[in-house]
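Using numbering that gives the first Met the number 0, the first residue of the first sequence is number 0, and each one after it goes up by one.
Cβ atoms here follow ideal geometry from the backbone N, Cα and C, with glycine treated the same way.
All figures in this text were calculated on a predicted structure; none of them were measured in a lab.
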Amino acid sequence: MPLITGHRIEEAHFYSKLVTRGNFKSFAKSLQGSAIESVSRIGKHIVVKLDRGSLHLHLGMTGKLLWNVEPGNYTRAIFRLDNGTLIYDDIRQFGRVSYSDKLPSAIGRLGPDALAVNFDSFFLSLHKHHCSLKSLLLNQRFVSGIGNIYADEILFAAGIHPKAKASRLLKRRALKLYEEMGRILQTAIEHRGSSISDYVDSNGVKGGFQLLHRVYGKAGGDCERCGAVIKRIVIAQRGTHYCPRCQRP
DNA sequence: CAGATCACCTGCTTGC
DNA sequence: TGCAAGCAGGTGATCT
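Pasting the structure below:
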C-alpha cells in the first residue's frame with residue numbers, strides 16, 4: 000500500500016469496540032495529524048509506521064481495507080488522509096485495528112515469516128514440535144502468515160498427510176514441504192489471494208487463487224492428481240481437506 | 001510446558 | 001415459507 004506512504008492522517012474514526020479492543024477515542028486523537036512513514040507486513044499483521052507511534056491492523060477473517068469508497072454497514076474504521084480515504088470494513092469483526100507507540104505483543108511472539116524463513120531453521124523448529132503438521136502450519140509462532148486454506152493446499156502439494164507428526168518428518172519430505180510452502184504462498188499472492196465469500200483487495204478486485212484450490216473446499220470431489228475422493232476431517236477445530244491416496248499417513 | 005479445546009462474531013446454508 | 005441450528009475461521013484464553 001505505498002499509496003498512503005508519505006501522506007498525513009487528517010482524522011480517524013472508529014466504530015467497533017470489538018475491533019479496536021481499546022479506547023478508540025484516544026486512538027483517534029493520537030492519529031489525528033500524524034504522518035505515514037512506511038507500511039509493512041509481518042506475518043498476517045500490517046504495521047503502518049507513523050511519525051509518532053504506529054497503527055496495527057490484522058484483517059482476521061473478513062477484514063478489508065478499501066480505498067476511496069463510501070462507508071457501509073460493516074465499516075469499523077475510517078482514516079481520512081490528505082490524498083484519499085482508507086476504510087476498514089469487517090463483517091465478523093475478527094480483525095483488529097489499534098494504535099500504540101510500541102508493537103503489539105502478538106507481533107513479538109510471531110515466528111519467522113513463511114516467505115522469509117530459511118530451510119535450516121525451518122527444519123530445526125519442525126523437530127521441536129510433536130503436534131500434527133496441519134496444526135503446526137497454523138501456529139503463527141512456528142512460521143507466520145499461513146491460514147487454513149493455505150495449510151491444506153501446501154500439505155496437498157507436498158503430498159503429506161495433515162495428521163503427520165511434525166517431529167518425525169524426514170529431511171527430504173521437510174524440504175518438499177518447505178518448497179511448496181513458498182511456492183503456494185507466492186502463487187496465491189500473485190493471484191491476490193482467495194476470494195471465498197466476498198474478499199476483495201483495496202481496489203475492490205477479487206482474488207483469483209480460489210480457482211486454483213486443489214483440496215480446500217473440494218471434499219467429496221475427485222483428486223485431480225489421482226482421482227481418489229477428497230476427504231474432510233477436523234484438526235485443531237479447523238476444516239481440513241486432503242487426498243487420502245496422495246497424502247498417506 | 002506443549003498441545004488441545006473453547007469462545008468470540010455474523011452471514012450463509014441446511015434441514016425440518 | 002419460516003425459523004432454528006450448524007458452519008466458516010484467526011487468535012487469545014483456558015483447560016489437560
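Quick check on this structure: which residue in Ala150, His160, Asp100, His6 has the alpha carbon closest to the alpha carbon of Ala187?
By one-based count along the first sequence, residue 187 stands at place 188. Nearest C-alpha to Ala187: Ala150.
Proximity below 8 Å, CB of Asp89 to CB of Val18
Here residue 89 is taken as the residue at index 90 of the first sequence, counted from 1. Here residue 18 is taken as the residue at index 19 of the first sequence, counted from 1. Their beta carbons are under 8 Å apart, which means Asp89 touches Val18 by this criterion.
In chain order, each beta strand (DSSP E) run of at least 3 residues that lies wholly inside the region 18–61
35–41, 44–49, 53–57
For Ile159 and Pro111, the rounded distance between their alpha carbons
If you number the first sequence from 1, residue 111 lands on position 112. If you number the first sequence from 1, residue 159 lands on position 160. Straight-line Cα distance between these residues: approximately 22 Å.
With H, G and I counted as helix, E and B as strand and the rest as coil, what does DSSP make of Lys175?
Sequence index remark: in the first sequence, residue 175 carries index 176 (1-based). Correct three-state label for Lys175: helix.
State the start and end residues of the unbroken alpha helix (DSSP H) segment that holds Asp119.
Position 120 of the first sequence, counted from the start, is the residue given in the question as residue 119. Taken as a continuous stretch (DSSP letters only), the alpha helix (DSSP H) holding Asp119 covers 118–125.
Where does Glu152 sit, in a helix, a strand or coil, going by DSSP?
Translated into positions along the first sequence, residue 152 becomes position 153. Helix at Glu152.
8 Å CB neighbourhood of Leu182 in its chain, flanking five on each side removed:
Looking up residue 182 in the first sequence gives position 183. As written in the sequence, residue 182 is Arg, which differs from the Leu given in the question. Sequence-distant Cβ neighbours of Arg182 in its own chain, meaning closer than 8 Å and more than five residues away, are Ala156.
Put Lys164 into one of helix, strand or coil per three-state DSSP.
Within the first sequence, numbered from 1, the residue matching residue 164 stands at position 165. Here DSSP, grouped into helix, strand and coil, assigns Lys164 to strand.
Does the region 86–103 come close enough to the region 130–140 to have 3 or more Cβ pairs within less than 8 Å?
Touching, no, given that fewer than three Cβ pairs across the two stretches are closer than 8 Å.
Quick one: grab the DSSP three-state call for Ser201.
Sequence index remark: in the first sequence, residue 201 carries index 202 (1-based). The answer is coil: DSSP assigns Ser201 none of H, G, I, E or B.
Extent of the continuous beta strand (DSSP E) to which Gly238 belongs:
As a first step, residue 238 must be located in the first sequence, where it is residue number 239. Start and end: 237–241.
State buried or exposed for Glu189, treating a residue as buried only when at least 16 other CB atoms are found within 10 Å of its CB.
Numbered from its first residue, the first sequence carries residue 189 at position 190. Glu189 should be labelled exposed.
Candidates Ile232, Glu9, Ile77, Leu211: which alpha carbon is nearest Gly219's?
Stepping through the first sequence from its first residue, residue 219 is reached at position 220. Checked all of Ile232, Glu9, Ile77, Leu211; the closest Cα to Gly219 is Ile232.
Starting from Phe78, follow its DSSP beta bridges and name the residues at the other end.
Within the first sequence, residue 78 is the residue found at index 79, counting from 1. Its beta-bridge partners are Ala11, Leu85.
Alpha carbon to alpha carbon, how far is Gly107 from Cys222? Give it in angstroms, no decimals.
Here residue 222 refers to the residue found at position 223 when the first sequence is read from its first residue. Here residue 107 refers to the residue found at position 108 when the first sequence is read from its first residue. Distance between the alpha carbons of Cys222 and Gly107: 39 Å.
Helix or strand or just coil, what does DSSP make of Ile106?
Here residue 106 refers to the residue found at position 107 of the first sequence. Of the three classes helix, strand and coil, the one that applies to Ile106 here is helix, per DSSP.
To the nearest angstrom, how far is it from the Cα of Gly21 to the Cα of Tyr14?
Start at 1 with the first residue of the first sequence, and residue 21 comes out as number 22. Start at 1 with the first residue of the first sequence, and residue 14 comes out as number 15. Approximately 11 Å, taken between the alpha carbons.
Bridge partners for Asp221 per DSSP, in chain order?
Numbered from 1 along the first sequence, position 222 holds the residue referred to as residue 221. Note: Asp221 sits in a beta bridge opposite Val228.
Check whether the region 207–219 touches the region 121–130, counting contact only when three or more Cβ pairs, one atom from each stretch, lie closer than 8 Å.
no
From Ser104 to Cys225, what distance separates their C-alpha atoms?
Looking up residue 104 in the first sequence gives position 105. Looking up residue 225 in the first sequence gives position 226. When rounded, the distance between both Cα atoms is 44 Å.
When the Cβ atoms of the region 38–53 are set against those of the region 116–124, are three or more pairs found closer than 8 Å?
no
So who's on the other strand from Arg95, going by DSSP bridges?
In the first sequence, counting from the first residue as 1, residue 95 sits at position 96. BP columns for Arg95 point to His57.
Do the CB positions of Leu132 and Ala113 come within less than 8 Å of each other?
Here the question's residue 132 lines up with position 133 in the first sequence. Here the question's residue 113 lines up with position 114 in the first sequence. It is not a contact, given that the beta carbons lie outside the stated cut-off.
Helix or strand or just coil, what does DSSP make of Lys170?
Working through the first sequence from its first residue, we reach residue 170 at position 171. Lys170 falls in the helix class under three-state DSSP.
Residue span of the alpha helix (DSSP H) that contains Lys133, given as start and end:
In the first sequence, residue 133 corresponds to position 134, counting from 1. Unbroken alpha helix (DSSP H) run through Lys133: 132–137.
Does the Cβ of Glu152 have 16 or more other Cβ atoms within 10 Å, making it buried, or fewer, making it exposed?
Looking up residue 152 in the first sequence gives position 153. When all chains shown are included, Glu152 counts as buried.
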